[in-house]
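Visitor:
Residue numbers (full-length UniProt numbering): 1 to 673.
1. Can you tell me where the alpha helix (DSSP H) with residue 25 in it begins and where it stops?
2. Residue 463 to residue 645, Cα distance in whole Å?
3. Check whether the Cβ atoms of residue 138 and residue 96 sit closer than 8 Å, and answer yes or no.
4. Pick out whichever of 198, 244, 220 has its Cα sitting closest to the Cα of residue 238.
5. Let's test the definition: count the other Cβ atoms within 10 Å of the Cβ of residue 227 and tell me whether it reaches 16, buried, or not, exposed.
6. In the DSSP assignment, what residue or residues form a beta bridge with residue 630?
7. Secondary structure at residue 241, three-state DSSP: helix, strand or coil?
8. Is the CB-CB distance between residue 364 and residue 392 below 8 Å?
9. Tell me the DSSP secondary structure of residue 499 in three-state form.
10. Determine the closest residue to residue 251 out of 302, 319, 182, 158, with distance taken between C-alpha atoms.
11. In the DSSP assignment, the beta strand (DSSP E) including residue 421 goes from what residue to what residue?
12. Looking at the secondary structure, which residues open and close the beta strand (DSSP E) in which residue 286 lies?
13. Return yes when the C-beta of residue 343 is under 7 Å from any heavy atom of the ligand NAP, and no when it is not.
14. Just to confirm the assignment, what range does the beta strand (DSSP E) spanning residue 339 have?
15. So, residue 402 versus residue 501, is the Cβ gap smaller than 8 Å?
16. Quick one: give me the first and last residue of the alpha helix (DSSP H) that residue 560 is part of.
17. So, with DSSP's three-state summary, where would you put residue 187?
18. On the DSSP letters alone, give me the boundaries of the beta strand (DSSP E) that residue 379 sits inside.
19. Around the C-beta of residue 127, are 16 or more other C-beta atoms found within 10 angstroms, so that it is buried, or is it exposed?
20. Ignoring anything shorter than 3 residues, give me the beta strand (DSSP E) runs that lie fully in the region 364 to 415, in order along the chain.
21. Is it true that the CB of residue 336 sits closer than 8 Å to the CB of residue 301?
22. Indicate whether residue 485 and residue 620 have their beta-carbon atoms separated by less than 8 Å.
23. Any idea which residues DSSP pairs residue 70 with across the strands?
24. Which residue or residues does DSSP assign as beta-bridge partners of residue 565?
25. Secondary structure at residue 267, three-state DSSP: helix, strand or coil?
26. Which class does residue 317 belong to by DSSP, given the choice of helix, strand or coil?
27. Since I believe residue 635 is in contact with residue 598 (beta carbons under 8 Å), could you give me their beta-carbon distance rounded to a whole number of angstroms?
28. With DSSP run on the structure shown, which of helix, strand or coil describes residue 544?
29. Report the start-end ranges of each alpha helix (DSSP H) in the region 121 to 182 that is 4 residues or longer and not cut off at the edges.
30. On the DSSP bridge assignment, give the partners of residue 485 in chain order.
31. Taking its Cβ as the centre, do 16 or more other Cβ atoms sit within 10 Å of residue 316, making it buried, or is it exposed?
32. Which residues share a DSSP beta bridge with residue 584?
33. Helix, strand or coil: how does DSSP classify residue 667 here?
34. Which residues bound the beta strand (DSSP E) around residue 48?
35. Quick one: Cα of residue 20 to Cα of residue 154, how far?
36. Quick one: any contact between the region 83 to 95 and the region 163 to 179, if contact means 3 or more CB pairs under 8 Å?
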């Protein structure tokens, strides 16, 4: 059914439809003159007509699949600009909620001639638990497509698909909690809760995670109850949320309501305009608040009763969110909140951190990733309850599940697993009140690798001396050079050397082609300088789309940049930007011999007057018999290996020193004797 708008797609959409990488789409645009031209978007993110793209894919034998969901999404996106796209998704969600609640009414209404006039009113009447939004502007024909998708996949699944696409399209504008982090937070805080609040709920990721955790807990309780009386555990379960962005708050409400959850989501800034009275506390609070906000209402909220542990400084909005969450949870209830790593140690917040520790409210701080965020677990103390003497800190590293194990061990008063530590509160209450896990944990280093690193250092160090060439010192001021000299350009004219230059000015922008997508390996100046990829037998890591005129490299070729030259040993790569190739006649010129003199001209010689770089064609090479060239070439090769070996020794030595220092500081190594 025609929805009245033509669907458009971007490069990422085309890649998904054709099941290829984004680089393949870029390749198609460059290689095929008949590829559809953009019909909108921007130069960096163009939009293409979906029917034209389908026709082109079909015409060129490219397999593709445009699902029902993709067609609905593309037409929804084409019906409004980016600034209104969220509101369009909200309207589609409200319509789906109406269809779910009154399917018979929709079937009757869909047949009426005045559908466009009647639909906004009936949707508003059926979704009274949503906060009011703008009048519907989505075409009825487009909503029919949405209804058809819901009939096949379900209203909740249909809306979830649209929300996922919306989040992808606006990933830079939306702050979304990582799914694994959201699952961890809700498992820790919500398993025994019946009411959950998220005061900065965004699109409802944490509340949806809490719903799943609470459902699984209720199912387990029902399995244990022979009379199924535990089925009543779902009664009274409620989800509350608030967000300053009205559009995403509406999306969060719809995601919960379409799943049949009892939810109340309110738009507005929770710090400035709290929608839920602390006098009616909830069982658990989960929160991923905005970080580093200075305009959070410091001046207006100086005397707010939520600040039971101290007035948050202007630059510590996160500590305002912590106290807001604590004020809304019942005594004994848990708070799981994400915090920037700096909030654990910044000096302006030390008084509040100290009061949280003294009150027994702050129970755990876990680092989830390098640089943050950290997960803080808090518990509102019961009246008259004696506070704990310790907290647990931990670093999840690459194992987020270790956080839950640390927390469970702490609650059971057991030794936490590796990566966690129980710390006495009295040891933290100093001038800094630093609760950063890194402050209280030994360095995360496996010093068992120290002996192997030491042995490797000895091997590479010894190899340097073994590889030195045996050079004779001549007397008489260079008596060995009683020969004529030629420039590389003269050698080329004599047919001894073929010179080729890379046609590439720069590497192509965009993603590297995936394996099997016609990408060719390209040798770069960095590869050449490091003695890597293509010069040691391995293939370069960078790949580019094939194109006419690229210069292929063969084993035995000398490749030079502005700073060095090497003999290539690998096959199959092409010359990258700012590289030149010198292909010698191996019966007359030794490639290592030529590379040594080119290397000297680039690194040790003087640039030609008026030139900003060494001109390799002007490099001078002595005319020597081939057997003598090979002896010189072997010496040049050994000296180049010495340079490469020195870099490896430096890298291995740095790793060895780091392991030693960290092991000594962390108590995992000690001096012998």
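Backbone N, C-alpha and C fix where the C-beta goes; we use that ideal spot for every residue, glycine too.
Guide: Let me lay it out:
1. For this step, residue 25 is matched to residue 25 along the chain shown. Start and end: 22 to 31.
2. As a first step, residue 463 is located in the chain shown; it is residue number 463 there, counting from the start. As a first step, residue 645 is located in the chain shown; it is residue number 645 there, counting from the start. Roughly 8 Å between the two C-alpha positions.
3. As a working mapping, residue 138 is identified with position 138 in the chain shown. As a working mapping, residue 96 is identified with position 96 in the chain shown. Going by C-beta atoms, residue 138 is not nearer than 8 Å to residue 96.
4. For the purposes of this step, residue 238 is taken as the residue at position 238 of the chain shown. Per the Cα distances, 198.
5. Looking up residue 227 in the chain shown gives position 227. Reliability fails at residue 227, whose pLDDT of 48 lies under 50, so the model's placement of it is uncertain and no value is given.
6. Counting from one through the chain shown, the residue named residue 630 turns up at place 630. Beta-bridge pairing links residue 630 to no other residue.
7. As a position in the chain shown, residue 241 is number 241, starting the count at 1. Strand at residue 241.
8. Position 364 of the chain shown, counted from the start, is the residue given in the question as residue 364. Position 392 of the chain shown, counted from the start, is the residue given in the question as residue 392. Yes. Within cutoff.
9. For this step, residue 499 is matched to residue 499 along the chain shown. Strand.
10. Sequence index remark: in the chain shown, residue 251 carries index 251 (1-based). Cα-wise, what sits closest to residue 251 is 158.
11. Taking the first residue of the chain shown as 1, we reach residue 421 at position 421. Per DSSP, residue 421 belongs to the beta strand (DSSP E) from 420 to 424.
12. In the chain shown, the residue the question calls residue 286 occupies position 286. It spans 282 to 287 - the beta strand (DSSP E) in which residue 286 sits, taken as one unbroken run.
13. The ligand NAP is not part of the structure shown, which contains no ligands of any sort.
14. Taking the chain shown and counting its residues from 1, the one referred to as residue 339 is at position 339. Its beta strand (DSSP E) spans residues 329 to 339.
15. Stepping through the chain shown from its first residue, residue 402 is reached at position 402. Stepping through the chain shown from its first residue, residue 501 is reached at position 501. No, the pair does not count as a contact, with Cβ atoms beyond the cut-off.
16. Taking the chain shown and counting its residues from 1, one reaches residue 560 at position 560. No alpha helix (DSSP H) holds residue 560; the beta strand (DSSP E) holding it covers 558 to 560.
17. For the purposes of this step, residue 187 is identified with residue 187 of the chain shown, where counting begins at 1. Here residue 187 sits in helix by DSSP.
18. Here residue 379 refers to the residue found at position 379 when the chain shown is read from its first residue. Here the beta strand (DSSP E) through residue 379 covers 374 to 379.
19. Looking up residue 127 in the chain shown gives position 127. Flag for residue 127 reads buried.
20. 374 to 379, 390 to 395
21. Counting from 1 along the chain shown, the entry for residue 301 is found at position 301. Counting from 1 along the chain shown, the entry for residue 336 is found at position 336. Not a contact, by the Cβ cut-off of 8 Å.
22. Here residue 485 corresponds to residue number 485 of the chain shown, with the count starting at 1. Here residue 620 corresponds to residue number 620 of the chain shown, with the count starting at 1. Yes.
23. Within the chain shown, numbered from 1, the residue matching residue 70 stands at position 70. Partner(s): none; residue 70 has no beta bridge.
24. For the purposes of this step, residue 565 is taken as residue 565 along the chain shown, with counting starting at 1. According to DSSP, which records beta bridges pairwise, residue 565 is partnered with 560.
25. Numbered from 1 along the chain shown, position 267 holds the residue referred to as residue 267. Residue 267 falls in the strand class under three-state DSSP.
26. Looking up residue 317 in the chain shown gives position 317. Note: residue 317 maps to helix in three-state DSSP.
27. In the chain shown, the residue the question calls residue 598 occupies position 598. In the chain shown, the residue the question calls residue 635 occupies position 635. So it is not a contact: roughly 15 Å between Cβ atoms.
28. As a working note, residue 544 is residue 544 in the chain shown. Three-state DSSP puts residue 544 in a strand.
29. 140 to 153, 155 to 169
30. Position 485 of the chain shown, counted from the first residue, corresponds to residue 485. Residue 485 pairs with 622.
31. Start at 1 with the first residue of the chain shown, and residue 316 comes out as number 316. The residue is buried, with at least 16 neighbouring Cβ atoms inside 10 Å.
32. For the purposes of this step, residue 584 is identified with residue 584 of the chain shown, where counting begins at 1. Its beta-bridge partners are 497.
33. Position 667 of the chain shown, counting from 1, holds the residue named residue 667. Of the three classes helix, strand and coil, the one that applies to residue 667 here is coil, per DSSP.
34. As a first step, residue 48 is located in the chain shown; it is residue number 48 there, counting from the start. Here the beta strand (DSSP E) through residue 48 covers 46 to 49.
35. Position 20 of the chain shown, counted from the start, is the residue given in the question as residue 20. Position 154 of the chain shown, counted from the start, is the residue given in the question as residue 154. Straight-line Cα distance between these residues: approximately 29 Å.
36. yes
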